[in-house]
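Peer 1:
Number of protein chains: 4
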Amino acid sequence: MLVVMKAQATPEEIQAVCEQIEQLGLRPHPLPGAQRTAIGITGNQGEIDRGNIEDLSGVAEVIQVSKPYKLVSREVKEEDTIIRFPGTNATIGGRDFAMIAGPCSIETREQAFAVAEEVASAGAQFFRGGAYKPRTSPYAFQGLGEEALKIMAEIRDKFGLRIVTEAIDNEALELVDKYADVIQIGARNMQNYSLLKAAGRKRKPVLLKRGIAATLEEFLMAAEYIMSEGNYQVILCERGVRTFADHTRNTLDLSIVPAVQRLSHLPIVVDPSHGTGKRNKVIPLGRAAVAVGCDGLIVEVHHQPDKALSDGMQSLYPEQYVQLMNEAAQIAAVLGRTVPRGIQITEGIASR
Amino acid sequence: MLVVMKAQATPEEIQAVCEQIEQLGLRPHPLPGAQRTAIGITGNQGEIDRGNIEDLSGVAEVIQVSKPYKLVSREVKEEDTIIRFPGTNATIGGRDFAMIAGPCSIETREQAFAVAEEVASAGAQFFRGGAYKPRTSPYAFQGLGEEALKIMAEIRDKFGLRIVTEAIDNEALELVDKYADVIQIGARNMQNYSLLKAAGRKRKPVLLKRGIAATLEEFLMAAEYIMSEGNYQVILCERGVRTFADHTRNTLDLSIVPAVQRLSHLPIVVDPSHGTGKRNKVIPLGRAAVAVGCDGLIVEVHHQPDKALSDGMQSLYPEQYVQLMNEAAQIAAVLGRTVPRGIQITEGIASR
Amino acid sequence: MLVVMKAQATPEEIQAVCEQIEQLGLRPHPLPGAQRTAIGITGNQGEIDRGNIEDLSGVAEVIQVSKPYKLVSREVKEEDTIIRFPGTNATIGGRDFAMIAGPCSIETREQAFAVAEEVASAGAQFFRGGAYKPRTSPYAFQGLGEEALKIMAEIRDKFGLRIVTEAIDNEALELVDKYADVIQIGARNMQNYSLLKAAGRKRKPVLLKRGIAATLEEFLMAAEYIMSEGNYQVILCERGVRTFADHTRNTLDLSIVPAVQRLSHLPIVVDPSHGTGKRNKVIPLGRAAVAVGCDGLIVEVHHQPDKALSDGMQSLYPEQYVQLMNEAAQIAAVLGRTVPRGIQITEGIASR
Amino acid sequence: MLVVMKAQATPEEIQAVCEQIEQLGLRPHPLPGAQRTAIGITGNQGEIDRGNIEDLSGVAEVIQVSKPYKLVSREVKEEDTIIRFPGTNATIGGRDFAMIAGPCSIETREQAFAVAEEVASAGAQFFRGGAYKPRTSPYAFQGLGEEALKIMAEIRDKFGLRIVTEAIDNEALELVDKYADVIQIGARNMQNYSLLKAAGRKRKPVLLKRGIAATLEEFLMAAEYIMSEGNYQVILCERGVRTFADHTRNTLDLSIVPAVQRLSHLPIVVDPSHGTGKRNKVIPLGRAAVAVGCDGLIVEVHHQPDKALSDGMQSLYPEQYVQLMNEAAQIAAVLGRTVPRGIQITEGIASR
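Quick note, the sequences are listed as chains A, B, C and D, same order. The opening position of the first sequence corresponds to residue 5 in our numbering, with each subsequent residue numbered one higher. The opening position of the second sequence corresponds to residue 5 in our numbering, with each subsequent residue numbered one higher. The opening position of the third sequence corresponds to residue 5 in our numbering, with each subsequent residue numbered one higher. The opening position of the fourth sequence corresponds to residue 5 in our numbering, with each subsequent residue numbered one higher.
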């Protein structure tokens, strides 16, 4: 931490600040400058409450220096974390680019299977679908719950897709942990620390979405909450932040991808569907996300968006998903990464 | 809902949009204008998914019209809601201005009693203190939990102050409901719908803090979640929002007070402590909050801020709280409201 | 400036950074800490380009310390600046609270005189009116130009009101300087440095509006531009900033008032009309601005808002202005300040 | 425009609103809905001031419908605008992707030539360099002015690069128009309407940077100002907006590219240098900008960034620019666009 004194601070004031620092069990380092004196502080393990110092006489401002995160940091773990899925060659964070696709909500077994078949055949290692929907209105469709989880478990068996779905509370977490392969924590719950800790006690990977107004530090600290409980398999996800801009539902902040990669070893994927909220912008921003260097995309696809019970306006048509896959594959290649090819769907399955 | 067609939209395109609207069981009203045609939609009960229409050929944009909230709305209940506390004459939302004061966290019995005595004697009907602290870092002080709740229950008995404290999850909610008088839902949990619904099933008043990036509509919808479960005693709380401005921790948005009062019958209080994050700004913004016409203030007070385990830098010294009370009382009078006088503390208590 | 090294930075890397700092003619002060080493820098007169250091091997981040402003700073001038107007007892920044009122635009001589009479009789020392309007659309009413300035000069003579009006470019600046008493620089031009410098070469006070997304530092640096040319009579004006919040046109950031007062000796006034954009919020926020401790209000008043050529929706009716004056006077008194009483308008004038 | 009445609005109130609309010379269309009545308005040519209606009794809100822009709109001109440069095959907005590169500021003839040679040989059709620098501090380097313009004119002759440089005021505009090929209007001046109109009276293409907090509508309206004066050669430029996010200097909003392309026929380029403010993020975001489908990149390159007089920390090293060119070329190819190859620099020139 650094204390910046006012230009006209007296030697007595500087002395008093140094003594206060020592009383906190820390070591002050006065740096007399041309305009003013700054006082460096060393010896602190964690964060210091600036309140102890900021209001002392002669103090202009107090600047926090050491960052609070530990386990998420590259300073603790240099090499990239790669999330692996036993029994498959699907990974997140490695050379292979991850494609996570599916409907916003699981509405019916038929709808879920129809979309799953489309995305599996177009190329996706992961299937996303909402069983529990955090909706702004209590009167809107809230999801099918466990029934949806069972449908997705069937989809895993039939199409070999890993299941990614959101847990909105501790109760849902138990069921998601039971049926799914990746536990998603939504943007609205990014600072629901109770839920983060519970997810940290599970052993399945956690996909953590960035809060709508989360700074990079808060985002990484939310991951730190999960890791501090022993679950080191965290996948970060940029899904757009809230700004004054009104031409998209959120403003997709792609610059956080290299920023995260500089500070942390955790993989990061991008959600261009929620990041834009408009179907006609999902493909361009999806391409951009691949180009910026993220580890995967999570996109909403629906075979009949016009009939979707939620987020229809941002869901891709299957043929649009195929286009995105093709363009993503070519752009990923420029960065030396590979995008999964579609699997062969047998007649038997196709006829279902 | 209103559909705005492009200037060069053809009659066929307009016709197609009208048919799609009818297929949704709604009634289209084409409005041929000078520049373009707009199509009004009536007959919808709830929200319509714009996705169904926005991508039709010839459509320029789709504008949502009817607001989704019901129970929170003045259109449903015209007169102001006043929260009453049996066995006391304390109210929130009526002519009396409510003062809620106390430390950020309950640290020890001594600290809690010392602050309680200060605020009770200076004038406060409510005591706030954190038992469960949602901290950005998992390594920071997380609160004393039930022990803190027991201390606050004692404070209610001794000083006659009603207790306001935060519930961070369902487990904490049960305990807060058992010991406290007002259940606080923090800003980070404003869209933790599972927690909102659980609070809605309690019978104690809920103080709902605005999320750091919540729009007025999202804020009111969070209250709607609580009310939709049957608990109509909701107190809204503005505590600052996140903006680009870096001279305060958050930007206190006082304009939401008259905005809420126009749309809703619920009371709204303001938190200038979190709203600014800096002690030297709490009094000026506290005065401003009274002047804008809110129903109460919730402020952090600590008898030894320099030793506070959390938020020390934004806690008022007891003498500053007295100053705020005095200025608030004079400003409230201008608006025809009364601020509570301090209670007499007997020697007996004072000597503790 | 402070350089924060990575935890695993080598002694060689730390050494290399120190050498680079010395090459820049500055003095490095390594501070070995528990987690990492930080390097304080002294000897710089102005700002240092972080680019020189941030990308050196082993550097985690670079933190700017010394603030760039000089003339605006309290460190240079301790006591408050009070703007005086020769031949009147009107001041801005002193004990007297300043009321600046008038229509958004000067539309006709009749309209201007009608509004001027209303605000003069209700109590105002300053008349505001747009001669040059910066409108978002090139097709919207752009103001009457010099004709409006002449009308306002007449208003000064008749009602003894000082004239405040905006200069949108150097050409308009010459005319505004000729006819008006205070040169207003609008929010859109807060970083139009060419215009700021030109205003700095004038000898009339300048009312500088905060840019819609200006930080406190940028705001003060814009004032520094004016002062650096020799004009020290600068009045700052908060008029709302752009945020995600959509219930008002802008979000009025009242916390900047105490923040400015802490750093600078310049007076600061508040514009609740543009700050909210809605008539029904001007009075509550106007009251709040007085309570927060600003030096004056600038408000839009129109005798027939429904017929206003611009900003009608945020203009007060004369009777609303009277109410605001009365409430402002009572609240200002709480802060030990006085609000001007209305002047007596003779029949003679009233009949014009 | 659409007027939304309150649910309990009376027939008389609805009638009164309709009459007010008719008094404004417009036509009201009442739409009785399930919950409330909405009133559509037709007959308006330009924008209507909502103030006339919003405060009438029974009105819940007023919604603006018709967009104010004309000349920038695809509704007026369907096909993409392509900017051509006589005597070259350089274009902006067509199939060829435009690369605009150079130093932040022109510091010396040697520096400018050194950078120009690098970018010309790596592949660029345009050279950018600041002659007039809008700096936050009046004490910072402000640019060489006309001397810099003369140096750039030489660079055009020697390397065949078209010159792009900023005009900060009308005076500078005359000189920029005389020496350069593209007149740049900076973000700080995006709403300096006086300057926009003056640029609109020139016949050279104008590169208009998005203001730091400009909405899509304001951005397009600024272009409308230029076009309304007769200059239809406008190039839009996204350069990052201001948000709460603190890991980059600005938040690059790539979603505005498809948003602009949907509404307007004007070309749009992206500036990843100012958009991120950090060298290590320029290449990833530059790649993303190409992938999102913009028409060109404008990047800062310096042969000795550590010695740059401005923005050194965001300037690419020449070899980094070569890498960006190569990656941009491959990604552009995926979108069916071509990126210019580097020109051959003769020994003669290279030896300079």
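Ideal Cβ placement from N, Cα and C applies to all residues, glycine included.
Who are the Cβ neighbours of leucine 28 (chain D) in its own chain at under 6 Å, not counting the five residues just before and after it?
Peer 2: Walking along the fourth sequence from the start, residue 28 (chain D) turns up at place 24. Excluding positions up to five away in sequence, the list is empty.
Peer 1: Would leucine 301 (chain B) pass as a contact of alanine 332 (chain B) if the rule is Cβ separation under 8 Å?
Peer 2: Taking the second sequence and counting its residues from 1, the one referred to as residue 301 (chain B) is at position 297. Taking the second sequence and counting its residues from 1, the one referred to as residue 332 (chain B) is at position 328. Closer than 8 Å, so yes.
Peer 1: Would you mind reading off the limits of the beta strand (DSSP E) that contains threonine 46 (chain B)?
Peer 2: On the second sequence, residue 46 (chain B) is found 42 positions in, with the first residue counted as 1. Here the beta strand (DSSP E) through threonine 46 (chain B) covers 41-46.
Peer 1: Residues in the stretch 165-184 of chain D with C-beta within 9 Å of chain C's C-beta atoms, listed in sequence order?
Peer 2: For the stretch 165-184 of chain D, which is checked against every Cβ of chain C, the residues closer than 9 Å are Ile172, Asp173, Asn174, Glu175, Ala176.
Peer 1: When the cut-off is 8 Å and only beta carbons count, does isoleucine 353 (chain C) lie next to chain A?
Peer 2: Counting from 1 along the third sequence, the entry for residue 353 (chain C) is found at position 349. Residue placement at isoleucine 353 (chain C) is poorly supported in this model, since its pLDDT is 43, which falls under 50; the coordinates still yield a value, given next. With 8 Å as the cut-off, isoleucine 353 (chain C) does not count as an interface residue toward chain A.
Peer 1: Residues of chain A with CB under 7 Å from threonine 247 (chain C), in chain order?
Peer 2: Numbered from its first residue, the third sequence carries residue 247 (chain C) at position 243. Within chain A, the residues near threonine 247 (chain C) are Phe248.
Peer 1: Reducing DSSP to helix, strand and coil, say where lysine 282 (chain B) ends up.
Peer 2: Stepping through the second sequence from its first residue, residue 282 (chain B) is reached at position 278. In the structure shown, lysine 282 (chain B) sits in coil (DSSP, three-state: anything other than H, G, I, E or B).
Peer 1: If you measure from the beta carbon of leucine 256 (chain C) to each beta carbon in chain B, is any gap under 8 Å?
Peer 2: Position 252 of the third sequence holds residue 256 (chain C). Chain B, which has a Cβ nearer than 8 Å to the Cβ of leucine 256 (chain C), makes this yes.
Peer 1: Cα separation between alanine 337 (chain A) and valine 338 (chain D)?
Peer 2: Within the first sequence, residue 337 (chain A) is the residue found at index 333, counting from 1. Within the fourth sequence, residue 338 (chain D) is the residue found at index 334, counting from 1. Cα-Cα distance, rounded: 11 Å.
Peer 1: By the 10 Å Cβ neighbour count, where 16 or more other Cβ atoms means buried, how is glutamine 129 (chain C) classified, buried or exposed?
Peer 2: On the third sequence, residue 129 (chain C) is found 125 positions in, with the first residue counted as 1. With 16 or more Cβ atoms within 10 Å of its Cβ, glutamine 129 (chain C) is classed as buried.
Peer 1: With a threshold of 8 Å between beta carbons, is leucine 28 (chain B) in contact with chain G?
Peer 2: In the displayed structure, chain G is absent; the protein chains listed are A, B, C and D.
Peer 1: Using the Cβ count rule (16 or more neighbours within 10 Å means buried), how would you classify proline 276 (chain C)?
Peer 2: Along the third sequence, read from residue 1 onward, the residue named residue 276 (chain C) stands at position 272. Its Cβ being crowded by 16 or more others within 10 Å, proline 276 (chain C) is buried.
Peer 1: Grab the span of the alpha helix (DSSP H) containing methionine 231 (chain A) for me, first residue to last.
Peer 2: As a working mapping, residue 231 (chain A) is identified with position 227 in the first sequence. Here the alpha helix (DSSP H) through methionine 231 (chain A) covers 220-232.
Peer 1: Glycine 127 (chain A) and lysine 137 (chain A) - do their beta-carbons sit closer together than 8 Å?
Peer 2: Numbered from its first residue, the first sequence carries residue 137 (chain A) at position 133. Numbered from its first residue, the first sequence carries residue 127 (chain A) at position 123. The answer is no: Cβ separation not under 8 Å.
Peer 1: Cutting at 6 Å between CB atoms, please list the residues of its own chain near glycine 190 (chain B), excluding the five before and the five after it.
Peer 2: As a working note, residue 190 (chain B) is residue 186 in the second sequence. If we look at glycine 190 (chain B) and ignore the five residues flanking it on each side, its Cβ neighbours are Pro138, Glu170, Lys213.
Peer 1: On the CB-based measure, 16 or more other CB atoms within 10 Å of its CB, does glutamine 19 (chain D) come out buried or exposed?
Peer 2: On the fourth sequence, residue 19 (chain D) is found 15 positions in, with the first residue counted as 1. The residue is exposed, with fewer than 16 neighbouring Cβ atoms inside 10 Å.
Peer 1: Answer with yes or no whether the minimum CB distance from leucine 98 (chain D) to chain C is below 8 Å.
Peer 2: Here residue 98 (chain D) corresponds to residue number 94 of the fourth sequence, with the count starting at 1. Residue identity check: residue 98 (chain D) is glycine in the sequence provided, not leucine. It does not; no Cβ of chain C falls within 8 Å.
Peer 1: Can you tell me the Cβ-Cβ gap for threonine 41 (chain C) and alanine 13 (chain C), rounded? I've got them flagged as a contact below 8 Å.
Peer 2: One-based indexing of the third sequence puts residue 41 (chain C) at position 37. One-based indexing of the third sequence puts residue 13 (chain C) at position 9. Confirmed, Cβ separation roughly 7 Å.
Peer 1: Roughly how many angstroms lie between the CA atoms of serine 355 (chain B) and phenylalanine 117 (chain B), to the nearest whole one?
Peer 2: Here residue 355 (chain B) corresponds to residue number 351 of the second sequence, with the count starting at 1. Here residue 117 (chain B) corresponds to residue number 113 of the second sequence, with the count starting at 1. Note that serine 355 (chain B) scores a pLDDT of 29, beneath 50, so its modelled location is shaky and nothing firm can be said.
Peer 1: If I measure Cβ to Cβ from aspartate 310 (chain C) and keep anything under 7 Å in the same chain, skipping five residues before and after, which residues do I get?
Peer 2: As a first step, residue 310 (chain C) is located in the third sequence; it is residue number 306 there, counting from the start. Taken in chain order, the residues that qualify are Gly316.
Peer 1: Return the residue from the list B:Lys206, B:Phe223, B:Gln318, B:Leu6 that minimises the CA-CA distance to valine 303 (chain B).
Peer 2: On the second sequence, residue 303 (chain B) is found 299 positions in, with the first residue counted as 1. It is B:Gln318 whose Cα lies nearest to the Cα of valine 303 (chain B).
Peer 1: Can you check whether the C-beta of proline 90 (chain D) is within less than 8 Å of a C-beta belonging to chain C?
Peer 2: Taking the fourth sequence and counting its residues from 1, the one referred to as residue 90 (chain D) is at position 86. False, the Cβ-Cβ gap to chain C never drops below 8 Å.
Peer 1: Say whether chain C places a C-beta atom closer than 8 Å to the C-beta of tyrosine 236 (chain D).
Peer 2: Position 232 of the fourth sequence, counting from 1, holds the residue named residue 236 (chain D). No, no contact with chain C.
Peer 1: Can you find a C-beta in chain D that's less than 8 Å from the C-beta of alanine 1 (chain A)?
Peer 2: The requested residue 1 (chain A) does not occur in the structure, where chain A is confined to residues 5 to 356.
Peer 1: Where does proline 309 (chain B) sit, in a helix, a strand or coil, going by DSSP?
Peer 2: Here residue 309 (chain B) refers to the residue found at position 305 of the second sequence. Residue state, collapsed to three classes: helix.
Peer 1: Taking the alpha-carbon positions, what's the glutamate 26 (chain D) to isoleucine 104 (chain A) distance?
Peer 2: Residue numbering aside, residue 26 (chain D) sits at position 22 when the fourth sequence is read from its first letter. Residue numbering aside, residue 104 (chain A) sits at position 100 when the first sequence is read from its first letter. Rounded to the nearest angstrom, the two C-alpha atoms are 55 Å apart.
Peer 1: Would you say phenylalanine 101 (chain B) and aspartate 299 (chain B) are within 8 Å of each other, going by their C-beta atoms?
Peer 2: Indexing the second sequence from 1 puts residue 101 (chain B) at position 97. Indexing the second sequence from 1 puts residue 299 (chain B) at position 295. Against a cut-off of 8 Å, the Cβ pair of aspartate 299 (chain B) and phenylalanine 101 (chain B) comes out as a contact.
Peer 1: For serine 61 (chain A), which residues in chain D fall below 7 Å Cβ to Cβ?
Peer 2: By one-based count along the first sequence, residue 61 (chain A) stands at place 57. Result: empty, since nearest Cβ-Cβ is about 29 Å, beyond 7 Å.
Peer 1: Which residue spans inside the stretch 99-139 of chain B form an unbroken alpha helix (DSSP H) run of at least 4?
Peer 2: The qualifying runs are 113-126.
Peer 1: Can you grab the Cα-Cα spacing for the pair glycine 44 (chain D) / glutamate 221 (chain A), in whole Å?
Peer 2: As a first step, residue 44 (chain D) must be located in the fourth sequence, where it is residue number 40. As a first step, residue 221 (chain A) must be located in the first sequence, where it is residue number 217. Straight-line Cα distance between these residues: approximately 47 Å.
Peer 1: Please classify alanine 407 (chain D): does DSSP put it in a helix, a strand, or coil?
Peer 2: Here chain D comprises residues numbered 5 to 356, so residue 407 (chain D) is not present and cannot be evaluated.
Peer 1: Residues of chain B with a CB under 7 Å from the CB of serine 109 (chain A): which are they?
Peer 2: Along the first sequence, one-based indexing puts residue 109 (chain A) at 105. Result: empty, since nearest Cβ-Cβ is about 12 Å, beyond 7 Å.
Peer 1: Looking at chain D, which residues of the stretch 211-236 of chain C have a Cβ within less than 7 Å of any of its Cβ atoms?
Peer 2: From the stretch 211-236 of chain C, only Ile216, Ala217, Glu222, Met225, Glu228, Tyr229, Ser232 have a Cβ closer than 7 Å to chain D.
Peer 1: Please give me, in chain order, every unbroken run of the alpha helix (DSSP H) with length at least 4 that falls completely inside the stretch 156-201 of chain B.
Peer 2: Runs found: 174-183.
Peer 1: Rounded to whole angstroms, what is the Cα-Cα separation between alanine 295 (chain A) and isoleucine 335 (chain A)?
Peer 2: Taking the first residue of the first sequence as 1, we reach residue 295 (chain A) at position 291. Taking the first residue of the first sequence as 1, we reach residue 335 (chain A) at position 331. Approximately 6 Å, taken between the alpha carbons.
Peer 1: Quick one, which of C:His306, C:Ala312, C:Gly340 has its alpha-carbon nearest valine 326 (chain C)'s?
Peer 2: On the third sequence, position 322 is the one that residue 326 (chain C) refers to. The candidate whose alpha carbon is nearest that of valine 326 (chain C) is C:His306.
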